[in-house]
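So the protein lines, in turn, are chains A and B.
Going by my numbering, the first residue of the first sequence is number 234, and it counts up by one from there.
Going by my numbering, the first residue of the second sequence is number 5, and it counts up by one from there.
Structure first, commentary second.
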Amino acid sequence: MRSSGPGQGRPPDVRLSRAVVALVAGIAFAPGLAGCAGSSQHAGGHPAPSASASAPAAVSAEAGTIHIDTAYAATSVRSDDGSMTAVYMSLTNSAGTQVSLVSATSSLATSVELHNTVDTGNNAETMTAVARIPVPARGAVKLTPGGYHIMAMGLAHPLHVGDRMPLTLRFSDHHTIHLDLPVRSRVDSGQGDDMGDMKGMKGMPGMVLVVR
Amino acid sequence: MALPHTPIPPVQRLGARSPRPTRLLAGAVLALALSLGTAGCGGSDASSSAPAVMQQTPDYGGHAQHGFVALPRQAGTVPAQQFTTMAGHTWTFDSVKPRELTLLYYGYTHCPDICPTTMADLAAAVGSLSTSDRTRTSVVFISTDPHRDTIKQLRLWLGQFDHSFIGIRAPIQQVVTTAHHYGIGVTPPKVVHGQYQVTHGAQVAVLGPGGHQLGYFKTLTASHDYAAEVHGLLAEGK
Chain A
234 MRSSGPGQGR PPDVRLSRAV VALVAGIAFA PGLAGCAGSS QHAGGHPAPS
284 ASASAPAAVS AEAGTIHIDT AYAATSVRSD DGSMTAVYMS LTNSAGTQVS
334 LVSATSSLAT SVELHNTVDT GNNAETMTAV ARIPVPARGA VKLTPGGYHI
384 MAMGLAHPLH VGDRMPLTLR FSDHHTIHLD LPVRSRVDSG QGDDMGDMKG
434 MKGMPGMVLV VR
Chain B
5 MALPHTPIPP VQRLGARSPR PTRLLAGAVL ALALSLGTAG CGGSDASSSA
55 PAVMQQTPDY GGHAQHGFVA LPRQAGTVPA QQFTTMAGHT WTFDSVKPRE
105 LTLLYYGYTH CPDICPTTMA DLAAAVGSLS TSDRTRTSVV FISTDPHRDT
155 IKQLRLWLGQ FDHSFIGIRA PIQQVVTTAH HYGIGVTPPK VVHGQYQVTH
205 GAQVAVLGPG GHQLGYFKTL TASHDYAAEV HGLLAEGK
């Protein structure tokens with residue numbers, strides 16, 4: 234309907250039908266949002282395949298009082314003694330006491346460690362293995378390039394964009410969670426908050442199981 | 005041959021804020037241990053290995069933003085060390101020709117985070133340059149872990165980012181000395197609490213003709229920022 238001269242709005246039936254379309258669209262997408270935040274659901278089947286390699290959905294999940302968000306694995310790096318990669322995510326703790334990530338394992342890796350990048354001064358850094366990554370009471374910590382990260386070594390096969398990586402996290406409060414992480418490109422991965430993916434409606438984040 | 009990664013024993017709560025005396029004490033002990041540890045990694049042991057040249061290193065400040073930071077015009081000599089690339093060519097710091105640039109990074113290959121991400125970002129940046137800019141830009145990676153970074157390993161590792169990247173394996177003291185000249189305080193690998201720890205640069209140095217430093221990028225600079233600045237510097241005829 235072309236826009237008309239002054240004094241003429243859109244006919245009521247057009248406005249109503251547009252509202253209905255908007256409402257239906259909202260309802261259609263809402264389960265996707267609920268699924269993203271779901272904790273004890275077993276999201277059966279496979280996630281909707283990403284149309285492109287540019288931004289596969291990252292994983293979000295709950296483990297006790299810990300909310301895990303934008304979890305993903307970087308593409309692996311080949312060495313003469315095998316492949317390795319790093320896993321990143323944000324962890325938010327709604328409890329009044331600190332909870333720590335204390336271990337991570339993967340059926341795809343011979344060893345998985347928790348690491349932190351430490352400034353050694355004069356524009357140099359080192360990476361050090363740590364026993365735990367604490368998530369402060371009612372606080373958050375981000376595992377990001379240049380900061381905390383999970384290092385997985387001895388990968389069974391290289392990980393390319395679009396692959397998945399299983400990862401089990403164990404926390405100091407004895408909650409355990411199994412994640413099925415998307416593999417994302419390393420390029421420009423240090424560019425701050427990637428929360429945009431989860432705010433959108435990008436389909437199922439992947440299978441998430443909670444085991445107590 | 006990879007050296008073992010031995011986890012350190014569990015530590016008391018990091019960042020504990022409880023006022024209870026035992027936690028305070030544990031926190032203080034931990035803080036002291038950490039400060040000593042990082043000082044050790046920085047090579048400030050009394051005996052040192054910290055060469056006097058570090059005192060003259062420009063202070064880039066605490067938390068520079070991502071992107072390019074230009075330095076004042078650098079006069080004086082560049083490091084005289086002569087290295088052999090993984091392709092068997094001789095390379096020197098003054099080999100940067102007029103109207104060319106070299107992006108120089110000190111890192112190691114058994115590194116899952118900053119080093120491969122930096123190289124991936126640089127590969128994306130260089131790959132996006134025009135042919136004219138690209139032929140005038142070199143990326144040089146100097147290993148801070150020559151023990152594990154053999155020539156074969158360097159070729160394999162760098163090749164997965166960009167086959168034009170130049171890899172250099174040299175004696176660690178020469179690596180450290182030359183890095184310090186460009187304000188990058190890497191130190192030789194050492195074993196700390198049973199872990200083999202290696203340092204890497206937090207910056208990509210930008211060398212102009214003759215090897216004089218024009219500035220640097222913080223690592224994790226976006227690939228389009230690398231590319232835009234490189235293009236700009238080349239266009240200025242630096």
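Positions of the beta carbon are idealized from the N, C-alpha and C atoms, including for glycine.
Linking B/Thr122 to B/Gln201 through their CA atoms gives a straight-line distance of about 19 Å. DSSP lists no beta-bridge partner residue for B/His228.
Membership of A/Met360 in the beta strand (DSSP E) is indicated by the continuous run Ala357 to Val363. Listed in chain order, the non-local C-beta contacts of A/Met398 below 7 Å within the same chain comprise Ala306, Ser339, Leu341, Leu392, Leu414 and Val416, local neighbours out to five positions each way being set aside. Using beta-carbon distances, B/Ile188 counts as an interface residue toward chain A, with a partner under 8 Å.
DSSP places B/Gln177 in no beta strand (DSSP E) but in the uninterrupted alpha helix (DSSP H) bounded by Ile176 to His185. Contact between B/Ile188 and A/Ala357 holds, with the beta-carbon distance rounding to 6 Å and staying under 8 Å. Residue ranges of uninterrupted alpha helix (DSSP H) with 4 or more members, entirely inside the segment 115-192 of chain B and ordered along the chain, are 118-131, 135-138, 155-163 and 176-185. Annotation: the continuous beta strand (DSSP E) that includes A/Arg397 extends over Arg397 to Phe404. In this model, B/Val234 and B/Ser227 are separated by some 11 Å (Cα to Cα). When CB distances to chain B are screened at a threshold of 7 Å, the residues of the segment 318-335 of chain A falling below it are Thr318, Ala319 and Gln331, in chain order.
Out of A/Tyr381, A/Thr359 and A/Ile301, the CA that lies nearest to the CA of A/Asn326 is found in A/Ile301.
Burial of A/His348 is indicated by the presence of at least 16 other C-beta atoms within 10 angstroms of its C-beta.
In this structure, the straight-line span from the alpha carbon of A/Ser309 to that of A/Phe404 is close to 25 Å.
Taking a cut-off of 8 Å for Cβ pairs, the segment 81-101 of chain B and the segment 111-129 of chain B do not touch, as fewer than three such pairs fall below it. Exclusion of the five residues before and after B/Pro120 leaves no residue of its chain whose Cβ lies closer than 7 Å to its Cβ. By the beta-carbon neighbour count (other beta carbons within 10 angstroms, threshold 16), B/Arg77 is exposed. Sorting B/Ala239, B/Arg152 and B/Pro213 by C-alpha distance to the C-alpha of B/Pro102 places B/Pro213 at the top.
A contact between stretches requires three or more CB pairs, one per stretch, nearer than 8 Å, and the segment 168-185 of chain B meets this requirement with the segment 148-159 of chain B. In the three-state reduction of the DSSP assignment, B/Gly71 falls in the coil class, being assigned neither a helical nor a strand state. Listed by position along chain A, the residues whose Cβ is nearer than 9 Å to that of B/Ile118 are Thr350, Glu358, Met360, Pro378, Gly379 and Gly423. Annotation: Cβ neighbours of B/Ala128 in chain A (cutoff 8 Å, chain order): Val420 and Asp421.
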